[in-house]
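J.:
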Amino acid sequence: MTDAAPPRTPATLPPGAAASATPIAIPGAGAPEKPLIVTDAPRLELRIGGAIIVLFFVLFMGWAALAPLDAGAFAQGQISVSGNRQAVQHREGGVVSALHVREGDTVQRGQILLTLSSGELRATERGVAGQVYALLAQRSRLVAERDGLGSIPTPAEFANLPPEDAALAQESLRIQQLQFGARRTGRSTETGVLVQRIAQLNDQIDGYERQIESNIEQQRLIQEELTGMRGLAAQGYAPQTRVRALERTAAQLDGELGSLRAQIARSREAVGETRLQMAGVNTKMGEDVADQLRQIDIQLNELRPRMTELRNQIARSEVRAPATGQVVGLTIFTQGGVVQAGQTLMEIVPRDASQVIVAQVEPTDIDNLQVGQETEVKFTGLRERNPPIIRGRVTNISGDSFTVEETGRAFYRAEIVVPAAELHKLGRTADSLRPGAPVEVVILLRKRTALAYLLEPLTNNLWRSGSEQ
Numbered sequence: 073m074t075d076a077a078p079p080r081t082p083a084t085l086p087p088g089a090a091a092s093a094t095p096i097a098i099p100g101a102g103a104p105e106k107p108l109i110v111t112d113a114p115r116l117e118l119r120i121g122g123a124i125i126v127l128f129f130v131l132f133m134g135w136a137a138l139a140p141l142d143a144g145a146f147a148q149g150q151i152s153v154s155g156n157r158q159a160v161q162h163r164e165g166g167v168v169s170a171l172h173v174r175e176g177d178t179v180q181r182g183q184i185l186l187t188l189s190s191g192e193l194r195a196t197e198r199g200v201a202g203q204v205y206a207l208l209a210q211r212s213r214l215v216a217e218r219d220g221l222g223s224i225p226t227p228a229e230f231a232n233l234p235p236e237d238a239a240l241a242q243e244s245l246r247i248q249q250l251q252f253g254a255r256r257t258g259r260s261t262e263t264g265v266l267v268q269r270i271a272q273l274n275d276q277i278d279g280y281e282r283q284i285e286s287n288i289e290q291q292r293l294i295q296e297e298l299t300g301m302r303g304l305a306a307q308g309y310a311p312q313t314r315v316r317a318l319e320r321t322a323a324q325l326d327g328e329l330g331s332l333r334a335q336i337a338r339s340r341e342a343v344g345e346t347r348l349q350m351a352g353v354n355t356k357m358g359e360d361v362a363d364q365l366r367q368i369d370i371q372l373n374e375l376r377p378r379m380t381e382l383r384n385q386i387a388r389s390e391v392r393a394p395a396t397g398q399v400v401g402l403t404i405f406t407q408g409g410v411v412q413a414g415q416t417l418m419e420i421v422p423r424d425a426s427q428v429i430v431a432q433v434e435p436t437d438i439d440n441l442q443v444g445q446e447t448e449v450k451f452t453g454l455r456e457r458n459p460p461i462i463r464g465r466v467t468n469i470s471g472d473s474f475t476v477e478e479t480g481r482a483f484y485r486a487e488i489v490v491p492a493a494e495l496h497k498l499g500r501t502a503d504s505l506r507p508g509a510p511v512e513v514v515i516l517l518r519k520r521t522a523l524a525y526l527l528e529p530l531t532n533n534l535w536r537s538g539s540e541q
């Protein structure tokens, strides 16, 4: 008994597909049956997919032709300060004896940052200061001698001296006071001898003058006696020998008178010479004083600047902060380290300086840059994994390019300021951003469509190829 084949049910066609159905005969199926109806559904799906792709392409091209995009110049940068950092340097260099700050410390203007060894400088300065104060005291003593003062006036330079200098000055003045007294005594003794000699000569002159008076009186008496004796001798009452004796006495008295007058002249000449000698002593003293004053002034002109420079070097051994701010870029870390002359020891970022972003712009983008252009800023140095992009504005563009010496790479420097309201998006303030932190910047150059962006490489290549000869 043969099993009857189950009746075949015609395949159900999708709506609208009846016209495209094609009957297919199955060979060897036995008795003729109704033909199997098979539709072309895959071809329909391809058409639908193609229509969707075409529609998407049309919509995308429409969007690309109309949607505005920002053309931008990408640049790497870092946070900096609007004003220049204050470099801390030392003119002479030396050995570090104490370091008072660390990286990141906040310091006040004039605060000691580090101290250099100054023992040798201080010893030299003390020696030079001692010479200066000794010369000033000596100068005051010489002025007192020149002007005939009874004591040495205190030099004006000795007023308001620090204790260590006041001690040197007072000791120098004390030594000069002793020398002033000794020199005054010696000069008085020398002058006193001359004065005494003049007095002796004057006494001799007085004695000679009295002898002259006596001689003159004796001559008068002899002349009277000689006159009477000559009369008596003429009358024969007196011998001629008596007359001759009186004449000899008169002649002797006259000779003595001449000798006395010559002695007076010599004594008076000696008085004049002694007075000249006294004047010579005073003149020589004045010349010596003037010469010593000139020499002292020369030495002071040499020593004073040297003392001032030594004191300045000692003062510079305490390196102080040039401004109030934060210590960055510290290069000295150990006591006993050697500092070279002119070496940058650290930098001070001024506290009152506003922070800006300094970006390095490629020279190919500089022609499109202008002050006032908006920027997109991303602080890549923050701890956040995906920090938000905030807006800023270009405030300054360098007039010329800079070159990195190590690589030879050229760039332009652009300064960008981010408003405080934008920084609030980061949950930060300007003071909390450390100078030197890295930043990525996109400077918005111009508006263009997405289609222009996509076609720009092609148009550039076409322009270059069209320019070739």
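Each residue of the sequence shown is one higher than the one before, counting from 73 in our numbering.
Just so you know, even glycine gets a beta-carbon here, dropped at the ideal spot from N, CA and C.
#1: Which parts of the segment 227-312 are runs of the alpha helix (DSSP H), unbroken and 4 residues or longer, counting only runs that do not cross its ends?
#2: Determine contact between the segment 220-229 and the segment 196-211, defined as no fewer than three beta-carbon pairs at a distance below 8 Å.
#3: Go ahead and label Thr-406 buried or exposed: buried means 16 or more other beta carbons lie within 10 angstroms of its beta carbon, across all protein chains shown.
#4: Do the CB positions of Gln-398 and Thr-178 come within less than 8 Å of each other?
#5: Who does Leu-188 pair with in a DSSP beta bridge?
#6: Quick one: residues in its chain with C-beta nearer than 8 Å to the C-beta of Arg-302, no 5 flanking neighbours on either side, listed in chain order?
#7: Look at the alpha carbon of Leu-186 and the alpha carbon of Gly-165, and state the distance between them as a whole number of angstroms.
#8: Out of Asn-468, Leu-495, Phe-128, point me to the one whose CA is closest to Phe-451's CA.
#9: Secondary structure at Pro-422, three-state DSSP: helix, strand or coil?
#10: Here's the rule: buried if 16 or more other CB atoms are within 10 angstroms of the residue's CB, otherwise exposed. What is Arg-481?
#11: Tell me the residue span of the alpha helix (DSSP H) that contains Ala-159.
#12: Based on DSSP bridge pairs, tell me the residues matched to Ala-147.
#13: What is the DSSP secondary structure of Leu-505, counted as helix, strand or coil?
#14: If you follow the alpha helix (DSSP H) that Glu-478 is part of, which residue opens it and which one closes it?
#15: For Val-490, which three-state DSSP category applies?
#16: List the whole-angstrom C-beta distance separating Val-160 from Val-391, where the pair is believed to meet the contact cut-off of C-beta under 8 Å.
#17: Among Arg-423, Gly-499, Asp-439, which residue has its Cα nearest to the Cα of Ser-473?
#18: Please classify Gln-442 as buried or exposed, where buried requires at least 16 neighbouring CB atoms within 10 angstroms.
#19: I'd like to know if the segment 265-275 and the segment 234-248 are in contact, where contact means that at least 3 CB-CB pairs between them fall below 8 Å.
#20: Hey, Leu-372 and Leu-233: beta-carbon distance below 8 Å or not?
#21: What do you reckon, are the CB atoms on Val-15 and Phe-483 nearer than 8 Å?
#22: Can you tell me which of Arg-119, Arg-157, Leu-131 puts its alpha carbon nearest to the alpha carbon of Arg-423?
#23: Since Ile-277 contacts Ser-339 with CB under 8 Å, what's their CB separation in whole angstroms?
#24: With distances taken between CB atoms, is the gap from Gly-337 to Leu-298 smaller than 8 Å?
#25: Between the alpha carbons of Ile-488 and Arg-163, how many angstroms are there, rounded?
#26: Tell me whether Ser-331 is buried or exposed, calling it buried when 16 or more other Cβ atoms sit within 10 Å of its Cβ.
#27: Could you check what DSSP says for Gly-344 in three-state terms: helix, strand or coil?
#28: Go ahead and label Phe-252 buried or exposed: buried means 16 or more other beta carbons lie within 10 angstroms of its beta carbon, across all protein chains shown.
#29: Please determine, among Thr-479, Gln-427, Ala-492, the residue with the shortest C-alpha to C-alpha distance to Gly-149.
#30: Beta-carbon within less than 8 Å of Ala-362's beta-carbon, same chain only, minus the 5 sequence neighbours each way: which residues are those?
#31: Note down the Cα distance separating Gln-445 from Met-133, rounded to an integer number of angstroms.
#32: Compare the Cα-Cα distances from Leu-417 to each of Arg-119, Pro-507, Ile-429, Val-400 and report the closest residue.
#33: Using the rule of at least 16 other Cβ atoms within 10 Å of the residue's Cβ for burial, across every protein chain shown, is Thr-261 buried or exposed?
#34: Measuring alpha carbon to alpha carbon, tell me which residue in Lys-356, Pro-435, Thr-346, Pro-394 is nearest Val-421.
#35: When you compare each of Asn-354, Glu-197, Arg-376 to Gly-258 by their alpha carbons, which one comes out closest?
#36: For the beta strand (DSSP E) holding Glu-175, just list the boundary residues, first then last.
T.: Working from what's here:
#1: 235-307
#2: Taking a cut-off of 8 Å for Cβ pairs, the segment 220-229 and the segment 196-211 touch, as three or more such pairs fall below it.
#3: exposed
#4: yes
#5: Val-168
#6: Val-315
#7: 12 Å
#8: The shortest Cα separation from Phe-451 among Asn-468, Leu-495, Phe-128 belongs to Leu-495.
#9: strand
#10: Counting the other Cβ atoms within 10 Å of the Cβ of Arg-481 gives fewer than 16, which makes it exposed.
#11: Segment 158-161 is the beta strand (DSSP E) holding Ala-159; no alpha helix (DSSP H) there.
#12: Val-513
#13: coil
#14: Premise fails: Glu-478 is in no alpha helix (DSSP H) and is neither H nor E.
#15: coil
#16: 6 Å
#17: Comparing Cα positions, the closest option is Asp-439.
#18: Label assigned to Gln-442: exposed.
#19: no
#20: no
#21: Outside the shown range of the chain, which is 73 to 541, sits residue 15, and nothing can be said about it.
#22: Arg-157
#23: 5 Å
#24: Looking at the sequence provided, one finds Ala at residue 337 rather than Gly. No, the pair does not count as a contact, with Cβ atoms beyond the cut-off.
#25: 35 Å
#26: exposed
#27: Helix at Gly-344.
#28: buried
#29: Gln-427
#30: For Ala-362, where only same-chain residues beyond five positions count, the Cβ hits under 8 Å are Arg-218.
#31: 29 Å
#32: With distances taken between CA atoms, Leu-417 lies nearest to Val-400 out of Arg-119, Pro-507, Ile-429, Val-400.
#33: exposed
#34: Looking at the Cα atoms, Pro-394 is the closest of the given residues.
#35: Asn-354
#36: It is not in any beta strand (DSSP E) - Glu-175 carries neither H nor E in the DSSP assignment.
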